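Student:
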Amino acid sequence: MTTDFLVIGSGIAGLTYAVKVAEAMPDKKVLVITKTVSDETNTKYAQGGVAGVWDTAIDSFAKHIEDTLIAGDGLCDKHIVEIVVKEGPERIRELIGWGASFDKASDGDYRLGREGGHSESRILHHKDVTGKEMERALLDKVASLTNISILNHCFVVEIITQHHLGYLVTKSTPNITCYGVYILNLASQEIEKILSKVTLFATGGNGAIYRSTTNPAIATGDGIAMVYRAKGRIENMEFIQFHPTALYEPGKKGQSFLITEAVRGDGGILRNASGEAFMARYDERKDLAPRDIVARAIDNEMKVNGTEHVYLDCRHMPMEKFMEHFPNIYEKCKSIGIDVSRDMIPVAPAAHYNCGGIQTDEFGLTSIDNLYAAGECAGTGLHGANRLASNSLLEAMVFAHRAAHHALSAIATLSETHTGPNGERIPDWDARGTTSPKEMILITQSVKELQMLMSDYVGIVRNNIRLERAMRRLDLLYEEVEALYRTTRVSPQLCELRNMITVAYLVVKCAQFRHESRGLHFNTDFPEKSAIVQDIVW
Ligand code: FAD
Ligand code: SIN
């Protein structure tokens, strides 16, 4: 199969980019690939909303920039922050133009929410299901463009580069080039080759490497792992954001339900087991301090009190307003016997977002030629050591737009043929020597081990011994799974496990290299911030 524009991922980043290139070049083919169904994305689960300077009578770009820089704890790229904050509102307007709806007050003005780290109310939202509404609007827009096709249930296994043509490719090879990808088509169970002129990775996050995460099961870091294996550059993977308030449900497996930070923005108060509103002891911004501070405070309260959760108290909030803004949360709590007007909500931190990722420039270009990255899988420099709430959807839209513009001009200069640097044919996937998987437990048990070790040793608070232990255990898992991969026919489960191990390795390696505590990375053996502020790049 060949295409002009190849897009891996159907979340906000992938779909925004697809719409833009398809509209600008109606005669070119745009192919979007997803590993499950089109709307099963992190995007769909976004609750709080999208940040943007909207009401310029009270808010300004300068304030949003400052809030982003403060949250990022000295590691944001200021130039990138300015780009995202200043271009963001235009991207939101575009999405509204494509049919997305955000809550308005009776006077017709948008209702702007507030979240941790924001000095003003600037979050546009659609009740507490903002992501679902954005994803819906994007999929509707995509459906209206005849030159976009979506291939569901196709798992991208590997990026095709010169390596597959027999060339030696190392991290220092100049002009590593992306020629497309190999996919496992789950309908045919065959590995197919898709050749493209330009490719965008919009493969989302990697919360699934932890036992407790707000992310859906698809968030296994595939894009980051594939780029790393293709010898592309990855940065700042130690900055895993734990959302302070995931609903605590004893014995729950898989995705944790999120209680959006907007609940605290509307007045929700965190309390410990004794009922104390403890945040005042940790930060003067109390419950609305940036996420790294709130998550660490909760973690400490849980450890000191020997509890598995703290509480979010909403009992004093006007219930009619609560139900209007947070109907989904209200219903979810009710479904497990929690009446938000009378009961406090048990909450605990859960892995939520990856602030680092595939290193990109200001146009979303990666270190691999013809390969762009946008959205959560990309390390753009916006978030630094900690992402400001609701800046992720914004970043995804801004960089999808920038990557689209860059790719549109780049494609005109690329050759019509899909061949290697010296005209070589791109080979088909070689599955010789592999047999059908015999025991699924080899994969499922390894996933559990991985999630356990990452949660126990590489969580909110880290130290050198824990990181060393994690690395030793990851080495063993790596060896076992690589042996399995070499001899077994590939399956999504095996590929995901392999990718999760690679991503976990990158998180631990970056954490070991950062000899300081900054933002989301807190190491008790290096509790201070270093005077040297630097990205860690692999
Ligand atoms: P995603 O939306 O995750 O899409 C990833 C896509 O990649 C999927 O289509 C998937 O199938 C595809 N894919 C991945 N690997 C492969 C593969 N190997 N082969 C084929 N396809 C593949 N951010 C905010 O700004 N505001 C919020 O209010 C907010 N709330 C959130 C609430 C929750 C519960 C969660 C989990 C996140 C929230 N975030 C929020 C973060 C934000 O939603 C995500 O960072 C963002 O949606 C990521 O979008 P994306 O396009 O990069 O990736
Ligand atoms: C939330 O609604 O609390 C999540 C917002 C985000 O991740 O930016």
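Sequential numbering of the sequence shown, starting at 2, is according to the working numbering. Backbone N, C-alpha and C fix where the C-beta goes; we use that ideal spot for every residue, glycine too. Quick caveat, the model's predicted, so the values are computed rather than measured.
Given a cut-off of 8 angstroms, decide if L468 and A512 are closer than it, judged by their beta-carbon atoms.
Tutor: yes
Student: Starting from P328, trace the alpha helix (DSSP H) both ways and give me its first and last residue.
Tutor: P328 to S336
Student: When the Cα atoms are used, what is the spatial distance from V462 to T308?
Tutor: 17 angstroms
Student: Using the rule of at least 16 other Cβ atoms within 10 Å of the residue's Cβ for burial, across every protein chain shown, is R297 buried or exposed?
Tutor: buried
Student: Which residue comes first and which comes last in the alpha helix (DSSP H) that contains P560?
Tutor: Outside the displayed span of the chain (2 to 539) sits residue 560, for which this structure offers no information.
Student: Closest to V491 by C-alpha separation, out of N464, Y458 and D431, would be which residue?
Tutor: Of all alpha-carbon atoms in N464, Y458 and D431, the one lying nearest the alpha-carbon of V491 is that of D431.
Student: Just to confirm my understanding: we take D536, look at its own chain, exclude 5 residues before and 5 after, and list those with CB closer than 6 angstroms. What are they?
Tutor: Once the five neighbours on either side are set aside, the close Cβ partners of D536 are E236 and N237.
Student: May I have the straight-line CA-CA distance separating T69 from V82, to the nearest angstrom?
Tutor: 7 angstroms
Student: Flag N237 as yes when its Cβ comes closer than 7 angstroms to any non-hydrogen atom of ligand 1, and as no otherwise.
Tutor: no
Student: Please say whether A374 and G365 have beta carbons closer to each other than 8 angstroms?
Tutor: yes
Student: Using C-beta distances below 8 angstroms, list every residue in its chain close to I427, excluding the 5 sequence neighbours before and after it, in chain order.
Tutor: I161, H165, L166, Y180, G181, K194, L196, H419, T420 and G421
Student: Near ligand 2, which residues have their beta-carbon closer than 5 angstroms to a heavy atom?
Tutor: Near ligand 2, meaning a Cβ closer than 5 angstroms to any of its heavy atoms, lie the following residues in chain order: Q48, G49, T261, E262, A390 and S391.
Student: Could you tell me which of D300, T178, R92 and E483 sits nearest to N1, measuring between CA atoms?
Tutor: A question about residue 1 goes unanswered here, because the residues of the chain that appear run from 2 up to 539.
Student: Using a threshold of 7 angstroms, is the CB atom of N465 nearer than that to any non-hydrogen atom of ligand 1?
Tutor: no
Student: Would you mind reading off the limits of the beta strand (DSSP E) that contains E171?
Tutor: Looking at the sequence shown, residue 171 is not Glu but Thr. That residue, T171, is in no beta strand (DSSP E); it is neither H nor E in DSSP.
Student: With DSSP run on the structure shown, which of helix, strand or coil describes C155?
Tutor: Under the three-state reduction of DSSP output, C155 falls in the strand class.
Student: What does a CB cutoff of less than 8 angstroms around A142 pick up in its chain, not counting 5 residues either side in sequence?
Tutor: The sequence as given places Lys at residue 142; Ala does not occur at that position. Taken in chain order, the residues that qualify are L16, V20, W99 and G100.
Student: Please state whether the Cβ-Cβ distance between H540 and F243 is less than 8 angstroms.
Tutor: Beyond the ends of the chain as shown, which are 2 and 539, falls residue 540; an answer cannot be given.
Student: Tell me, please, whether the segment 106 to 118 touches the segment 148 to 160 by the rule of three or more beta-carbon pairs shorter than 8 angstroms.
Tutor: no
Student: For the alpha helix (DSSP H) that S197 lies in, which residues bound it at each end?
Tutor: Unbroken run through S197 is the beta strand (DSSP E), E191 to F202; no alpha helix (DSSP H).
Student: Taking only the alpha-carbon atoms, compute the straight-line gap between A138 and L96 and give it to the nearest angstrom.
Tutor: For A138 and L96, the distance between alpha carbons rounds to 8 angstroms.
Student: What runs of the beta strand (DSSP E), each 3 residues or longer, lie entirely inside the segment 237 to 294?
Tutor: 241 to 248 and 270 to 272
Student: What residue range does the alpha helix (DSSP H) around Q4 cover?
Tutor: Correcting the residue identity first, residue 4 is Thr in this sequence and not Gln. Premise fails: T4 lies in the beta strand (DSSP E), T3 to I9, not in any alpha helix (DSSP H).
Student: Kindly identify the DSSP beta-bridge partner or partners of Q360.
Tutor: G380
Student: What do you get for A349, buried or exposed, if any count of 16 or more other CB atoms within 10 angstroms of its CB means buried?
Tutor: A residue is called buried when at least 16 other Cβ atoms come within 10 angstroms of its Cβ; A349 meets this threshold and is buried.
Student: Express the C-alpha separation of N216 and Y312 in angstroms, rounding to a whole number.
Tutor: 21 angstroms
Student: When we look at the beta-carbon of P347 and count the other beta-carbons within 10 Å, is it buried (16 or more) or exposed?
Tutor: buried
Student: Following the continuous beta strand (DSSP E) through A374, name the residue where it begins and the one where it ends.
Tutor: L372 to A374
Student: Regarding D223 and ligand 1, is the C-beta to nearest heavy atom distance less than 7 angstroms?
Tutor: yes
Student: Does at least one heavy atom of ligand 1 sit under 7 angstroms from the Cβ of K510?
Tutor: no
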